[in-house]
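So the structure is just underneath, and the comments pick up after that.
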Amino acid sequence: MKTLVIGTGGREHALALALSRDPQVTEVHAAPGNPGIATFATLHTVDPLDGDAVAALAREIGADLVVVGPEAPLVAGVADAVRAAGIACFGPSREAAQLEGSKAFAKQIMAAAEVPTAMARVCETPEQVAEALDAFGPPYVVKDDALAAGKGVVVTDDRAAAEQHAASCDRVVIEEFLDGPEVSLFAITDGETVLPLQPAQDFKRAYDGDEGPNTGGMGAYTPLDWAPDDLVQEVCRRVLVPTVKEMAARGTPFSGLLYAGLALTSRGVRVVEFNARFGDPETQALLALLQTPLSTLLMGAAQGTLGQVGLPQWRDGAAVTVVVAAEDYPASPAKGDVITGIDDADALDGVDVIHAGTARNDAGDLVTAGGRVLAVTAVGDSLAQARERAYSGVDRIEIRGAHHRTDIALAAEQGRITL
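The sequence shown maps to residues 52 to 470 in this note's numbering.
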């Protein structure tokens with residue numbers, strides 16, 4: 052099988068790496084890709100938002116499966132163009148991707164499917180914003196209705212900050228605050244069959260102790276030994292399956308990766324958000340432990356044959372991902388700083404260094420080219436071993452001004468997460 056992965060970031064590197072290790076995959080191509088993917092796959096220049104160009108490239112290389120990684124191409128309809136060219140594609144249609152493209156649309160779907168979520172109001176004027184903030188009170192939760200690369204949400208006790216964020220968006224969704232730990236649960240679906248992956252937890256805040264602004268994610272780990280034993284079954288029954296059924300009933304079936312961001316509140320499971328693609332950086336940790344060949348799951352979703360695949364199987368142990376971010380991320384990340392030490396980190400037992408925001412400069416040096424630069428991912432027999440290996444890898448990498456969180460998965464390792 053020849054595969055083509057669309058995108059440039061850490062999620063795409065992790066997907067391409069898993070496919071390169073899949074015995075059913077003969078060739079891995081990526082477009083545009085990144086320097087990390089280039090070490091094991093063939094890169095192609097293409098505009099990832101141009102569906103016709105992506106489809107033409109897939110035809111040219113004879114791709115059997117196209118995997119659309121990021122949300123923006125999905126919302127732009129790239130998967131539709133690939134399928135129209137007669138090529139199997141993993142990723143939802145433009146209409147179905149509105150589950151992520153519009154927070155307001157997602158709330159409509161959840162209401163119709165009776166999916167438990169936070170109470171919310173859609174606001175388009177300062178007066179509506181003020182009324183909603185008054186109604187829900189602090190902590191204030193303000194979400195940009197449009198795509199914002201994982202950074203469109205502000206959770207704050209500062210009323211002025213909440214109003215400022217709302218004013219910077221065309222339309223916002225203001226919600227009640229949900230207490231309790233957050234969990235990410237991904238499911239692969241062909242629009243009918245729903246196959247959940249094992250839960251993971253990511254860390255959105257920039258700094259240790261969940262301080263600082265929201266980011267695209269500073270680290271993740273899996274599995275969650277502290278989570279309820281029936282969590283996956285409950286979320287499938289109350290969230291994932293009803294959502295997939297509602298999308299199908301509307302004539303916009305959802306196939307691809309349905310990501311449910313969950314809060315395990317004192318009142319039960321609540322959906323924080325839906326995404327229409329693999330989450331980053333949870334994907335890095337999850338794929339490190341996935342035992343089922345990735346191509347089997349992705350092609351099953353693309354061809355409508357997931358019912359024949361069976362539940363994904365997992366290796367024993369744990370995986371931890373630690374993101375190394377550029378100086379001044381997420382505000383105004385520095386670019387062009389030289390990166391060293393990746394080979395030393397990659398050589399460590401159980402460690403993969405995933406490129407998320409890297410490039411080559413004119414001299415051929417590897418340099419920073421995005422806010423989240425690298426995602427050091429490690430597997431181990433235990434969460435403690437996976438953490439130790441991941442941070443050993445981080446310690447070998449040098450980037451001027453870079454920063455990372457030192458507490459990824461620490462509370463779980465120490466047994467300090469309570470429900």
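Positions of the beta carbon are idealized from the N, C-alpha and C atoms, including for glycine.
Using only CA atoms, which one of the options lies nearest to residue i?
i: V474; options: A369, H406 and D400; result: What the structure shows of the chain is the stretch from 52 to 470, and residue 474 is not part of that stretch, so it cannot be assessed.
i: K158; options: G60, A135, V323 and L184; result: V323
i: A257; options: D185, V373, G128 and D209; result: V373
i: A251; options: L341, E165 and T273; result: T273
i: V290; options: G152, A314, Q342 and G358; result: A314
i: A197; options: V206, A211 and D221; result: D221
i: G319; options: Q359, A336 and A278; result: A278
i: R447; options: R301, V292, G408 and A396; result: A396
i: E378; options: E63, G422 and A353; result: G422
i: I468; options: E233, E439, A453 and K296; result: E233
i: L150; options: A139, I138 and A164; result: A164
How should residue i be labelled, buried or exposed, when 16 other C-beta atoms within 10 angstroms of its C-beta is the threshold for buried?
i: G475; result: In the structure as shown, the chain begins at 52 and stops at 470. Residue 475 is therefore absent and cannot be evaluated.
i: P74; result: exposed
i: P189; result: exposed
i: N326; result: buried
i: N412; result: exposed
i: S317; result: exposed
i: E464; result: buried
i: Q215; result: exposed
i: M170; result: exposed
i: D208; result: exposed
Could you give the first and the last residue of the continuous alpha helix (DSSP H) run that contains residue i?
i: A163; result: K154 to A164
i: H80; result: Careful: H80 lies outside any alpha helix (DSSP H), inside the beta strand (DSSP E) at E78 to P83.
i: L425; result: Segment R423 to G431 is the beta strand (DSSP E) holding L425; no alpha helix (DSSP H) there.
i: L282; result: L282 to V286
i: R210; result: R210 to A218
i: L246; result: That residue, L246, is in no alpha helix (DSSP H); its beta strand (DSSP E) goes V245 to P247.
i: A299; result: V292 to A300
i: G203; result: Premise fails: G203 is in no alpha helix (DSSP H) and is neither H nor E.
Looking at the structure shown, is residue i part of a helix, part of a strand, or coil, going by DSSP?
i: E237; result: The residue you asked about is not Glu; residue 237 is Phe in the sequence shown. The answer is strand: DSSP assigns F237 an E or B state.
i: T356; result: coil
i: G58; result: strand
i: P143; result: coil
i: D185; result: helix
i: T316; result: strand
i: G330; result: coil
i: A370; result: strand
i: L434; result: helix
i: V97; result: coil
For the beta strand (DSSP E) that residue i lies in, which residues bound it at each end?
i: H406; result: V402 to H406
i: G28; result: Because the chain in this structure spans residues 52 to 470, residue 28 falls outside the shown range and cannot be described.
i: A89; result: Counting along the chain, A89 falls outside any beta strand (DSSP E), and DSSP gives it neither H nor E.
Are at least three pairs of beta-carbons, each pair with one atom in the segment 91-103 and one in the segment 450-470, less than 8 Å apart? no
Item to check | Touch test, the segment 274-288 against the segment 375-392, Cβ-Cβ under 8 Å, three pairs minimum | outcome: no
Report task. Mind the definition here: the segment 218-234 touches the segment 166-175 only if three or more C-beta pairs lie below 8 Å; say whether that holds. Result -> yes
Decide yes or no for the touch test of the segment 183-198 against the segment 130-145: beta carbon pairs closer than 8 Å, at least 3 of them. no
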